[in-house]
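Here is the structure we will look at.
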Amino acid sequence: MTTVRQRRVGKGTEAAEDQPSEEKNVKPDGKILSDHTGGKLWNVLSVTVGGIVAISLGLLTSVYVATLHENDLWFSNIKEVEREISFRTECGLYYSYYKQMIQAASIQQGLHGLVYDNKTESVRTINILERMNVYQEVFLSILYRILPIQQYLEPVYFYIYTLFGLQAVYVIALYVTSWLLSGTWLSGLLAACWYITNRIDTTRVEFTIPLRENWALPFFAVQIAAITYLLRTHLQPVQERLTLMAIFIATFLFSLTWQFNQFMMLIQALALFILDSFDMLPTAKVTWLYIIQISGLLLVCVLQFFNSMILGSLLLSFNASVLIARTIQKNLKKGGLLNRLVKLIFHVLLVLCFTLLINKFIKKILNLESDEHIFKFLKAKFGFGATRDFDANLYLCEEAFGLLPLNTFSRLSDTLLFCIYVFVLFLMTVVAVIVAFRNLSGSNQVQLMEKMEECTITLKPDAAYNLIHTLLFGCLALSTMRMKYLWTSHMCVFASFGLCSTEIWKLILKCIHLYTSRRTHMIKYSIPIITLLYISYKFWPGIMDELSELREFYDPDTVELMNWIKSNTPNTAVFAGSMQLLAGVKLCTGRTLTNHPHYEDKNLRERTKQIYQIYAKRSPEDVYRILRSFGTDYVILEDSICYERRHSRGCRLRDLLDVANGHIMDGLGENEPDLKPSLYPRFCEEIKKSLPSYTVHFTRVFQNKTFHVYKLAKHK
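According to the UniProt record's numbering, the residues represented by the sequence shown are 1 to 716, in order.
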């Protein structure tokens, strides 16, 4: 740690550590205090040590989550079907395409099977590469086929080790971002340690491995690190071009691997828009970032066979609107405070109107409705009227799409992360408001630096961007728990930066009239080291206990079901059931499905609602007719859904179906006045009584404690 304490050379040097001083440190008599050659060697040594620490922490994180995964499931010892069942819900669906590519006779046949897929949705041929973000599975399967590793590594291990390896990239990117912001790799070390000790709230990779966010977030973190570097001052043209290329590649890979990319980048574009409006970022660099977002998303659109959801995204409409509005208002950043405020308000309204008009025009021309369920969900979530829409309520009733639980903050506070984050966030926000006001007032920059030097130093462009980034993604996480992983990882970066920042400690000490350069350096290094020691002392024993705790995968009912399907049904059989279960059916057995968990398609959403009538109060004739319309041969009923107790009344799947069908819900409680009793009992309960009206259409062919499988009669 002594090397970190001695990063600055010479007494009284107040230049930020992240940027080399352009002037020699000279005594009043003109003698040179520091040797530039020695200083450069010291910087090289510090960067080398910091880089080694970053790579080591990244690799340790990968090993850590891989070990947790192995210890939790005993993955190396369980059967192949059990390994595949462990990829729950949509994870199993994505992994099935990797398995499909591996098992194909050739790469060309594998790709053809994805482009002309007729097993994911029965009686339909869909293009998987267009509908889903599975290029990573395609690339990985091709890599596995061409590399000489088949004898040494099973396909499933090649897949999961790649995802765990990306965690190393993730941690290194967080480390580098914090290092760039603070100027010391001690900040990166603290950010990485916080990420690991707050693992429950920063990642879920060890139990949802194939989830799209686990592919995408490492690239998003790399993009943020590159943007942070781009926003530094005094970059050489070559450095700037290389950084822009890195941002483009990271943006493209992030967009390619996650279907929600457009919404995350829209928030990022909004952050850039806010900062540019208040003169906190160089306009030229902001323009380049807008263009990179547009070009990256359009390239993904081409690769996804002109996916309509991408073309109709708000991000493309917003970025285009900002660029158009900027050309219309060329004198936006000139004038006094009142004049600037009026121009800014008009600019915001202009961008908003252009965005809505362009987006509405595109959706009208292309007849797009792929993302309407998201806007219905948002409308209901934020109280703009109740809805009986089945899809919106399905999201509203899921805990992952609810508000961030309060116990999250208590867990984050145990490691001191949240407490320090709030302190740094408050301080930086106050400074940002002051700087924004002074920028709008048109104050002379020289006078600004003289009167409030500490504010301008603290809020450099890279710090300003990360401040707005963490604020906006914090709002997203607070409103939607599933998105907390975008916030908590950046929280580690922002808090560690604040704790190791010379500018922040200088500002605090000047405010209480205790500032000296020596005292600033002492606090800057001592408090992070004390924090690291506290984290190590409190959480190291728990991590060791966690690593020594051994469990085993155990789901005999699902294993029995999958084995029965493989042994007793034809390869061409079509299965209906819940989205989550059917993803596993496709992965484990290769049978054709009626529906699946990838919900970003209007026709699929309507199809799923129809299939789910097996849990509603409908006649056997209606259910049979619906299932046969989708070519169903077998239907799987789950007791855990039919007699669900996980959700409260009103949020159980059968309640959502009853309300959507206009029927009174089961159990004690209020019902809306226009709901009426159904003429029929609940299908999933009544079919088990083997009444003639049911057995004429459905024959039970398998059952265990959890599942009941019925074969549909084929009437002429």
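Idealized CB from N, CA, C, for every residue including glycine.
Answer yes or no: do R618 and Y680 have a C-beta to C-beta separation smaller than 8 Å? Your numbering for residue 618 matches position 618 in the sequence shown. Your numbering for residue 680 matches position 680 in the sequence shown. It is a contact, given that the beta carbons lie within the stated cut-off.
Counted within 10 angstroms of its Cβ, other Cβ atoms place F437 as buried (16 or more) or exposed: Numbered from 1 along the sequence shown, position 437 holds the residue referred to as residue 437. Looking at its Cβ environment, which holds fewer than 16 other Cβ atoms inside 10 Å, F437 is exposed.
Candidates S578, W288, V49, A495: closest to D639 by CA position: Sequence index remark: in the sequence shown, residue 639 carries index 639 (1-based). For D639, the nearest C-alpha among the options comes from S578.
Residues near L582 in its chain [Cβ-Cβ closer than 7 Å; skip 5 each side]: In the sequence shown, counting from the first residue as 1, residue 582 sits at position 582. By the criterion of a C-beta distance shorter than 7 Å, L582 is surrounded in its chain by F575, L593, N595, H596, once the five residues flanking it on both sides are discounted.
Leaving aside the five residues before and after N671 along the sequence, list all residues of the same chain whose C-beta is less than 7 Å from its C-beta, in chain order. Locating residue 671 in the sequence shown gives position 671, where the first residue counts as 1. Excluding positions up to five away in sequence, the list reads I664, M665.
Quick one: what does DSSP say D117 is sitting in, helix, strand or coil? In the sequence shown, counting from the first residue as 1, residue 117 sits at position 117. Strand.
Just how far apart, CA to CA, sit I636 and Q150? On the sequence shown, position 636 is the one that residue 636 refers to. On the sequence shown, position 150 is the one that residue 150 refers to. Using only the alpha carbons, I get a separation of about 36 Å.
Three-state secondary structure (DSSP) of L235: As a working note, residue 235 is residue 235 in the sequence shown. The answer is coil: DSSP assigns L235 none of H, G, I, E or B.
Flag this pair as touching only if the stretch 543-560 and the stretch 77-90 have three or more C-beta atom pairs under 8 Å; answer yes or no. yes
Where does the unbroken alpha helix (DSSP H) through H708 begin, and where does it stop? Counted from its first residue, the sequence shown places residue 708 at position 708. Segment 707-712 is the beta strand (DSSP E) holding H708; no alpha helix (DSSP H) there.
Helix, strand or coil: how does DSSP classify K676 here? Locating residue 676 in the sequence shown gives position 676, where the first residue counts as 1. Correct three-state label for K676: strand.
Decide if the stretch 203-213 is in contact with the stretch 482-491; the criterion is three or more beta carbon pairs, one per stretch, under 8 Å apart. yes
Since V424 and A477 are thought to touch, with beta carbons under 8 Å apart, how far apart are those beta carbons, to the nearest angstrom? Residue numbering aside, residue 424 sits at position 424 when the sequence shown is read from its first letter. Residue numbering aside, residue 477 sits at position 477 when the sequence shown is read from its first letter. Their Cβ separation, rounded to whole angstroms, is 17 Å, which puts V424 and A477 out of contact at 8 Å.
Output yes or no for whether 8 Å exceeds the beta carbon distance between T228 and D462. Translated into positions along the sequence shown, residue 228 becomes position 228. Translated into positions along the sequence shown, residue 462 becomes position 462. Yes, the pair counts as a contact, with Cβ atoms nearer than the cut-off.
Outcome for F426 when other beta-carbon atoms lying within 10 angstroms are tallied against a minimum of 16: Here residue 426 refers to the residue found at position 426 when the sequence shown is read from its first residue. Under this definition F426 is an exposed residue.
Can you tell which of R607, Y534, C588 has the C-alpha that lies nearest to the C-alpha of V559? Counting from 1 along the sequence shown, the entry for residue 559 is found at position 559. Per the Cα distances, C588.
Kindly provide the ranges of any alpha helix (DSSP H) runs that are 4 or more residues long and lie completely inside the stretch 590-646, ordered along the chain. Listed in chain order, the alpha helix (DSSP H) elements of length 4 or more contained wholly in the stretch 590-646 are 602-611, 620-629, 639-642.
What are the residues that DSSP puts in a beta bridge with G434? The residue you call residue 434 lines up with position 434 of the sequence shown. Checking the displayed sequence, the identity of residue 434 turns out to be Ile instead of Gly. For I434, which the question treats as bridged, DSSP gives no partner whatsoever.
Cβ separation of N168 and S178, assumed to be a contact under 8 Å, to the nearest whole Å: As a first step, residue 168 is located in the sequence shown; it is residue number 168 there, counting from the start. As a first step, residue 178 is located in the sequence shown; it is residue number 178 there, counting from the start. Inspection of the sequence shows that residue 168 is occupied by Ala rather than by Asn. With 8 Å as the limit, A168 and S178 do not qualify as a contact, their Cβ atoms being about 16 Å apart.
On a CA-only basis, which of R326, S62, R124, L561 is nearest N214? Give me that one, please. Within the sequence shown, the letter at position 214 stands for residue 214. N214 has its Cα closest to that of S62, out of R326, S62, R124, L561.
Looking at P528 and S187, is the spacing between their C-beta atoms short of 8 Å? Looking up residue 187 in the sequence shown gives position 187. Looking up residue 528 in the sequence shown gives position 528. Yes, these two residues count as a Cβ contact at 8 Å.
Span separating the alpha-carbon of F354 from that of R518: Start at 1 with the first residue of the sequence shown, and residue 354 comes out as number 354. Start at 1 with the first residue of the sequence shown, and residue 518 comes out as number 518. In a straight line, the C-alpha of F354 is about 53 Å away from that of R518.
If we count the other Cβ atoms within 10 Å of its Cβ and call it buried at 16 or more, is Y152 buried or exposed? Your numbering for residue 152 matches position 152 in the sequence shown. Exposed, because fewer than 16 other Cβ atoms sit within 10 Å of the Cβ of Y152.
Length of the line joining the Cα atoms of L341 and L352: What you label residue 341 is simply residue 341 of the sequence shown in a count that begins at 1. What you label residue 352 is simply residue 352 of the sequence shown in a count that begins at 1. Cα-Cα distance, rounded: 16 Å.
Using the beta-carbon count (16 or more within 10 Å), is V118 buried or exposed? In the sequence shown, residue 118 corresponds to position 118, counting from 1. The residue asked about is misnamed: residue 118 is Asn in this sequence, not Val. That one is exposed.
I need the boundaries of the beta strand (DSSP E) containing T228, first residue and last residue. As a working note, residue 228 is residue 228 in the sequence shown. Taken as a continuous stretch (DSSP letters only), T228 belongs to no beta strand (DSSP E), being part of the alpha helix (DSSP H) at 212-230.
Spatial neighbours of H697 in its chain, beta-carbon cut-off 6 Å, leaving aside the 5 residues before and after: As a first step, residue 697 is located in the sequence shown; it is residue number 697 there, counting from the start. Same-chain partners within the cutoff: P620, Y624, A713.
Uninterrupted alpha helix (DSSP H) stretches inside the stretch 301-388 (no shorter than 4 residues): 308-311, 314-328, 337-366, 372-381
Could you pull out every residue in the same chain whose Cβ sits closer than 7 Å to the Cβ of V286, ignoring the five residues on either side in sequence? Counted from its first residue, the sequence shown places residue 286 at position 286. Cβ neighbours of V286 beyond the five flanking positions: L272, D276.
Does the stretch 249-259 come close enough to the stretch 132-148 to have 3 or more Cβ pairs within less than 8 Å? yes
Which residues in the same chain have their Cβ closer than 7 Å to the Cβ of R83, if we skip the five residues on either side of it in sequence? Within the sequence shown, the letter at position 83 stands for residue 83. Same-chain partners within the cutoff: F75, V156.
How far does the alpha helix (DSSP H) with T89 in it extend, from its first residue to its last? Here the question's residue 89 lines up with position 89 in the sequence shown. 89-103 is the extent of the alpha helix (DSSP H) around T89.
Q703 by DSSP, collapsed to three states: which one? To locate residue 703, count along the sequence shown from 1; it is residue 703. Strand, per DSSP.
Quick one: what's got a C-beta closer than 8 Å to L547's C-beta in the same chain, skipping five residues either side? Position 547 of the sequence shown, counted from the start, is the residue given in the question as residue 547. If we look at L547 and ignore the five residues flanking it on each side, its Cβ neighbours are Y64, T67, L68, N71.
Measuring only the C-alpha atoms, how far is F346 from C475? Here the question's residue 346 lines up with position 346 in the sequence shown. Here the question's residue 475 lines up with position 475 in the sequence shown. Computed Cα separation, rounded: 25 Å.
Starting from the Cα of K363, find the closest Cα among L471, N307, D622 and give me that residue. Locating residue 363 in the sequence shown gives position 363, counting from the first residue. Minimum Cα distance to K363 is reached at N307.
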